[in-house]
Amino acid sequence: MTAPLVVFAVGNPSRGDDAIGPVICGQLAKWLANEGLADQVDLVEDFQLNIEHALDLQGRELALFIDAGENTPAPFIFAQIYPSTATGHTTHALPPEAVLQVYRQMEGEGPPPAFVLCVRGEGFELGAELTPTAQGGIDAAMALLERLLTKPALADWCAPGMLHG
Amino acid sequence: MTYQLETAQHPEKLRRVAIDPVSRVEGHGKVTILLDDQNKVHQVRLHIVEFRGFEKFIQGRPYWEVPVMVQRLCGICPVSHHLAASKALDVIVGAKRLTPTAEKLRRLMHYGQMLQSHALHFFHLCSPDLLFGFDSDITKRNIVGVAAAHPEIAKRGVLLRRFGQEVIRVTAGKRVHGTGAVPGGVNKSLTIAERDELLKDIYHIVQWSRDAVHLIQKVHIQDPGLYNSFGIFRSNFMSIVGHNGDLDFYHGTLRARDDNGKLIFDHVDYQNYDDYIEEEVRPWSYMKFPFFKSIGKEHGWYKVGPLARVQNCDQIPTPFAERERKEFVDYAGGTPMHAPLAYHWTRMIEMLHAAEVIKDLLHDDDLLSDDRMVEGERQMEGVGVIEAPRGTLFHHYRVDENDLITMANLIVSTTNNNQAMNEAVRHVARRYLNGREVTEGLLNHIEVAIRAFDPCLSCATHALGKMPLAVELVDPEGKVVHSLSRS
């Protein structure tokens, strides 16, 4: 049974604030289990987004991409995104908009409504710990996620006060 | 030792063109080109911007953590590091010969990795250049453009990669951060359900891989003037080869040939690799330059990867891929092919071979057995070598009596190809940039040469906003006179 919501959490746990995605993924898995919502959400953790993640969008009602951001507003951006051809110079790591575009080209139809939650990071060195900024961003992001995932519906996610950045 | 175009006589008088980072290449790479007022090329260098601190990162860790930890070195080929480290640590735990189940499960994992990596590289990294042309509209010259113009090709690329990822998932336990291989064996067998799920798709995968070989063969043969000469340079080449000289990505002995195909060394136990290979440090690059000790720095450098492997082996032990290898060798005319764009053709032959090996392994009941681990007399040092998608990968560790890593030396595929990539870039710069205005299309020619080697300049973070692309022309006073951006 495909869960209606897929959450992609992206990042390398050994590279400082690039661990934001995996850390949130771990916390989210526990919270979903505690709330009895685990069957409503599929969590997909990976080092980076790539073409095959378009297949994870099949049969979904909503999609959420969580990633660290450099030079992005603190604590996070939460915004709706759309398929785009004007993104990305690398296929070793696609931006979320390009994953949506790959889905559209493969399936011949639009992808599910999709959002990005981009938490600000400041240090990305190999072996580094999370910075205080990132830790604060994770806490703030989790508070938002608990509201979003309690009732994952497009209208609620787009409601005034939900979108940031 | 200096190489032609490596170091200009008076760099302070030249104009600098920087491609930073190289687009569609993993991690952060940078090409700098120094031009004079007439746009004549005087110096070309491929730099690695990011310092690779992996060896230090590993030192002091318990050895049993290493096969999992090293996966974080690269998000594109984590399995290669996972298995190379496991092979080195097999030596340290005294596991001289793995059980058939362990060896076959690791092999299945590795060939799944080869399949998905080669599919990604060909269909989504290079097909934009190959299908649209190097000078084509940049807004279409990307994966999304391929999907729009050739939806079936793009879809097959996605499904081939997904199949390889599934092979990795069932053998390693997870899509990422898997723990399938451990020192002395593996910790998981295949279930019948997992095997049967893969068997449902494998025949399509083999057929699509055959089609991919024929596609690139056709593209190559239709334009021999370009494909046989673009970025060409002659060099030695090296890989491991398996039993009886078979193409083997997982295990074997080291073999090297010169540019005419004559053997330099053969049947070399890779535990002794440092008797044959030395790494040179140059002041302008963080990445070392390996060379064969017996030949020396000047002429001892080499290339690795698909083009080296397919021409270094005596045969490929699966029928469809062997047929394609023979066609490639016939096309080359009986002497080694050195054209960088031939990497694409050989890469697809290897993808076909990987698909055939996966098919055969899925019919082997050893994959279902619980006989997974061996151990023996503890050692203090071990070397593991594997043929990763981009070429030969060395992991070398020493441990102390407390099981902590005291020394780690990694020679990754891209390091093995360092001089070769620099030579290809210089050739292209000389051929296409000399005396001409620098345009995006021309700069893409440089990148096409680099992408042929599929370098993993590893292993930058991919946080949003972290990978901009800027091209700058800087005059001798350091002033930016022109810039291009793709972010």
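Sequence order for the protein chains is A and B. With this note's numbering as the guide, the letters of the first sequence map in order to residues 1 to 165. With this note's numbering as the guide, the letters of the second sequence map in order to residues 1001 to 1487. Quick reminder that beta carbons are idealized off the backbone N, C-alpha and C, glycines included.
Using a C-beta to C-beta distance shorter than 7 Å, which residues of chain B count as neighbours of residue 27 of chain A?
Counted from its first residue, the first sequence places residue 27 of chain A at position 27. Within chain B, no residue comes near residue 27 of chain A; the closest Cβ sits about 17 Å away, beyond 7 Å.
Helix, strand or coil at residue 1202 of chain B [DSSP, three-state]
Residue numbering aside, residue 1202 of chain B sits at position 202 when the second sequence is read from its first letter. Three-state result, residue 1202 of chain B: helix.
Can you tell me which residues form a DSSP beta bridge with residue 1303 of chain B?
The sequence position of residue 1303 of chain B within the second sequence is 303, counting from 1. DSSP lists B:1237 as partners of residue 1303 of chain B.
Helix, strand or coil, according to DSSP, for residue 1260 of chain B in the structure here?
Here residue 1260 of chain B corresponds to residue number 260 of the second sequence, with the count starting at 1. Coil at residue 1260 of chain B, not helix or strand.
Check each candidate in B:1441, B:1367, B:1423 and name the one with the smallest Cα separation from residue 1007 of chain B.
Residue mapping note: residue 1007 of chain B aligns to position 7 of the second sequence, counting from 1. Among B:1441, B:1367, B:1423, the Cα nearest to that of residue 1007 of chain B belongs to B:1423.
I need the boundaries of the beta strand (DSSP E) containing residue 1391 of chain B, first residue and last residue.
Position 391 of the second sequence, counted from the start, is the residue given in the question as residue 1391 of chain B. Taken as a continuous stretch (DSSP letters only), the beta strand (DSSP E) holding residue 1391 of chain B covers 1391-1399.
Residue from B:1227, B:1195, B:1193, B:1382 whose Cα sits closest to the Cα of residue 941 of chain B:
The shown model of chain B, from 1001 to 1487, leaves out residue 941 of chain B, and the question about it has no answer.
Taking C-beta to C-beta, are residue 1368 of chain B and residue 1189 of chain B nearer than 7 Å?
Position 368 of the second sequence, counting from 1, holds the residue named residue 1368 of chain B. Position 189 of the second sequence, counting from 1, holds the residue named residue 1189 of chain B. The answer is yes: Cβ separation under 7 Å.
What is the DSSP secondary structure of residue 1101 of chain B, reduced to helix, strand or coil?
For the purposes of this step, residue 1101 of chain B is taken as the residue at position 101 of the second sequence. Reduced to three states, the DSSP call for residue 1101 of chain B is helix.
Taking residue 977 of chain B as the reference, give the member of B:1448, B:1330, B:1451, B:1094 with the closest Cα.
With chain B covering only 1001 through 1487, there is no way to say anything about residue 977 of chain B.
Candidates B:1417, B:1115, B:1209, B:1044, of which the one nearest residue 1168 of chain B by Cα:
Numbered from its first residue, the second sequence carries residue 1168 of chain B at position 168. Per the Cα distances, B:1115.
Does DSSP classify residue 1062 of chain B as helix, strand or coil?
Numbered from 1 along the second sequence, position 62 holds the residue referred to as residue 1062 of chain B. Strand.
Along the chain, which unbroken stretches of the beta strand (DSSP E) at least 3 residues long are found entirely within the stretch 94-163 of chain A?
114-121
For the alpha helix (DSSP H) holding residue 27 of chain A, just list the boundary residues, first then last.
Locating residue 27 of chain A in the first sequence gives position 27, where the first residue counts as 1. Its alpha helix (DSSP H) spans residues 20-35.
Taking all protein chains shown into account, do 16 or more other C-beta atoms lie within 10 angstroms of the C-beta of residue 1262 of chain B, making it buried, or fewer, making it exposed?
Residue mapping note: residue 1262 of chain B aligns to position 262 of the second sequence, counting from 1. Per the 10 Å Cβ criterion, exposed.
Residues that residue 106 of chain A contacts on chain B, provided the C-beta gap is smaller than 8 Å:
As a first step, residue 106 of chain A must be located in the first sequence, where it is residue number 106. Per Cβ cutoff of 8 Å: 1147, 1151, 1154, 1155, 1158.
Taking any Cβ of chain A, which residues in the stretch 1174-1192 of chain B have a Cβ under 7 Å from it, in chain order?
1175, 1176
My output table needs one value for residue 1414 of chain B: the three-state DSSP class, helix, strand or coil.
Locating residue 1414 of chain B in the second sequence gives position 414, counting from the first residue. Correct three-state label for residue 1414 of chain B: helix.
Can you grab the Cα-Cα spacing for the pair residue 1210 of chain B / residue 1352 of chain B, in whole Å?
Position 210 of the second sequence holds residue 1210 of chain B. Position 352 of the second sequence holds residue 1352 of chain B. One C-alpha to the other measures close to 6 Å.
May I have the straight-line CA-CA distance separating residue 1461 of chain B from residue 1177 of chain B, to the nearest angstrom?
The residue labelled residue 1461 of chain B in the question sits at position 461 within the second sequence. The residue labelled residue 1177 of chain B in the question sits at position 177 within the second sequence. With a pLDDT of only 35 at residue 1461 of chain B, under the threshold of 50, the placement of this residue in the model should not be trusted, and no figure is reported.
Verify the CB distance criterion: does residue 1004 of chain B have a CB-CB separation below 7 Å to chain A?
Position 4 of the second sequence, counting from 1, holds the residue named residue 1004 of chain B. No, no contact with chain A.
Among residues of its own chain, excluding the 5 on either side of residue 136 of chain A, which ones have a beta-carbon nearer than 8 Å to its beta-carbon?
Here residue 136 of chain A refers to the residue found at position 136 of the first sequence. Around residue 136 of chain A: 74, 75.
Taking only beta-carbon positions, decide if residue 1441 of chain B is within less than 7 Å of chain A.
For the purposes of this step, residue 1441 of chain B is identified with residue 441 of the second sequence, where counting begins at 1. Chain A, which has no Cβ nearer than 7 Å to the Cβ of residue 1441 of chain B, makes this no.
Just to make sure I have the definition right: I need the residues of chain A whose C-beta is within less than 9 Å of the C-beta of residue 1053 of chain B. Which are they?
Position 53 of the second sequence holds residue 1053 of chain B. Within 9 Å Cβ-Cβ: 125, 126, 127.
From the DSSP output, read off the bridge partner residues of residue 1043 of chain B.
Locating residue 1043 of chain B in the second sequence gives position 43, counting from the first residue. Partner(s): B:1034.
Touching by the beta-carbon criterion (3+ pairs, under 8 Å), the stretch 121-129 of chain A and the stretch 11-29 of chain A
yes
As assigned by DSSP and simplified to three states, the class of residue 80 of chain A
Position 80 of the first sequence, counting from 1, holds the residue named residue 80 of chain A. Residue 80 of chain A falls in the strand class under three-state DSSP.
Considering just the uninterrupted stretch of the beta strand (DSSP E) at residue 1225 of chain B, what are its terminal residues?
Working through the second sequence from its first residue, we reach residue 1225 of chain B at position 225. Counting along the chain, residue 1225 of chain B falls outside any beta strand (DSSP E), though it belongs to the alpha helix (DSSP H) covering 1224-1227.
For residue 1368 of chain B, write down the residues that DSSP places opposite it in a beta bridge.
Here residue 1368 of chain B corresponds to residue number 368 of the second sequence, with the count starting at 1. Partner(s): none; residue 1368 of chain B has no beta bridge.
Does the beta carbon of residue 12 of chain A come closer than 7 Å to any beta carbon on chain B?
Here residue 12 of chain A refers to the residue found at position 12 of the first sequence. Closer than 7 Å: yes.
Considering just the uninterrupted stretch of the beta strand (DSSP E) at residue 42 of chain A, what are its terminal residues?
Position 42 of the first sequence, counting from 1, holds the residue named residue 42 of chain A. That run of the beta strand (DSSP E) goes 41-46.
Distance check for residue 1184 of chain B and residue 1106 of chain B, CA to CA, integer angstroms please.
As a position in the second sequence, residue 1106 of chain B is number 106, starting the count at 1. As a position in the second sequence, residue 1184 of chain B is number 184, starting the count at 1. If I take the Cα positions, the gap works out to 11 Å.
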